Amino acid sequence: DSGVTQTPKHLITATGQRVTLRCSPRSGDLSVYWYQQSLDQGLQFLIHYYNGEERAKGNILERFSAQQFPDLHSELNLSSLELGDSALYFCASSVAGSFSGNTIYFGEGSWLTVV
Amino acid sequence: DAKTTQPPSMDCAEGRAANLPCNHSTISGNEYVYWYRQIHSQGPQYIIHGLKNNETNEMASLIITEDRKSSTLILPHATLRDTAVYYCIVRVVIQGAQKLVFGQGTRLTINP
Chain A
328 DSGVTQTPKH LITATGQRVT LRCSPRSGDL SVYWYQQSLD QGLQFLIHYY
378 NGEERAKGNI LERFSAQQFP DLHSELNLSS LELGDSALYF CASSVAGSFS
428 GNTIYFGEGS WLTVV
Chain B
95 DAKTTQPPSM DCAEGRAANL PCNHSTISGN EYVYWYRQIH SQGPQYIIHG
145 LKNNETNEMA SLIITEDRKS STLILPHATL RDTAVYYCIV RVVIQGAQKL
195 VFGQGTRLTI NP
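Read top to bottom, the protein sequences are chains A and B. Heads up: the first sequence begins at 328 in the working numbering, then just goes up one per residue. Heads up: the second sequence begins at 95 in the working numbering, then just goes up one per residue.
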């Protein structure tokens, strides 16, 4: 158990809908990262928040947005869903905002299926 | 985006040492090398990281060459549960922002 909690674990929704994925980082961690993993694809970096502020963006679609709240939990909002958005979405957390020896721990992911 | 190169797949016999190579020839002097593994769609699991010295923990050893352009992850006594995709990762800086970018990794199969 990494200490990173993601909900829901599984979600099935229809095209055009909007969903929210939630992540609670490890206790004491200020950074939250979101990754997307499509079937048989690698992990794609989406976005990084540190202490409530956006730090880095990857290939995140405009239909997707994220935020980190004062209690440090984060939400990834996916809207106007398409079949191609079906994927595993991982959240990860770390204490600091850099990768200089900073260990990042991943949650178990949220399976999103768009039908 | 990934700055590392790994073989796509490897096999190893159960009980033997598994040695997974990684090339990171463009690594900068202050960049760490990280290793993660992913077992069948579970969350990536942290294994180890290092800067220039060799590192060892309860899971594995990391050997980094003196010029830091390559490294090897060693699982000393591989078990069937070590079958997974192993990722070697170096920090990527794009437009001033740091990112941990995963490549395709090495699919390690431990055979009985």
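We put the CB at the ideal spot given by N, CA and C, even for glycine. The model shown is predicted, which means the values in this text are computed figures rather than measured ones.
In chain order, GLN132, GLY199 and ARG201 place their CB closer than 6 angstroms to the CB of B/VAL179, counting only its own chain and leaving out the 5 sequence neighbours on each side. Identification of chain A residues near B/GLN198 by a Cβ-Cβ cut-off of 8 angstroms yields GLY369, ordered along the chain. In the three-state reduction of the DSSP assignment, A/LEU399 falls in the coil class.
With fewer than 16 other beta carbons inside 10 angstroms of its own, A/GLN368 counts as exposed.
The contact set of A/ALA383 on chain B, defined by CB atoms closer than 7 angstroms, consists of ALA191, GLN192 and LYS193 in chain order. About 4 angstroms separates the beta carbon of B/TYR128 from that of B/HIS143, a gap short enough to meet the 8 angstroms contact definition. The beta carbon of B/PRO138 sits closer than 8 angstroms to some beta carbon of chain A. Judged by their CB atoms, B/ILE204 and B/CYS116 are not nearer to each other than the 8 angstroms cut-off. The Cβ neighbour count for A/PHE391, taken over all protein chains shown within 10 Å, is at least 16; the residue is labelled buried.
Cβ atoms of B/GLU125 and B/THR173 stay farther apart than 8 angstroms, at about 31 angstroms.
For A/ALA419, the uninterrupted beta strand (DSSP E) segment begins and ends at 414-421.
Inside the region 340-416 of chain A, DSSP marks whole beta strand (DSSP E) runs of 3 or more residues at positions 346-351, 358-364, 370-377, 380-384, 391-395 and 401-405, from first to last along the chain. CA-CA distance, A/GLN333 to A/ASP412, rounds to 18 angstroms.
Taking a contact as a CB-CB distance under 8 angstroms, the pair A/LEU408 and A/GLN364 does not count as one, their CB atoms being some 17 angstroms apart. Close partners of B/SER135 in chain A (Cβ separation under 8 angstroms): GLN364, LEU415 and GLY436.
Residues of chain B with a Cβ closer than 7 angstroms to the Cβ of A/SER329 are, in chain order, GLY137. A residue is called buried once 16 or more other Cβ atoms fall within 10 Å of its Cβ, and B/LYS163, having fewer, is exposed.
For B/MET104, the enclosing beta strand (DSSP E) has its first and last residue at 103-107. When the five nearest sequence neighbours on each side are left out, the beta carbons in the same chain lying within less than 8 angstroms of the beta carbon of B/ILE183 are those of ALA96, THR98, VAL127, TYR128, TRP129, TYR130, LEU194, VAL195, PHE196 and GLY197, in order along the chain.
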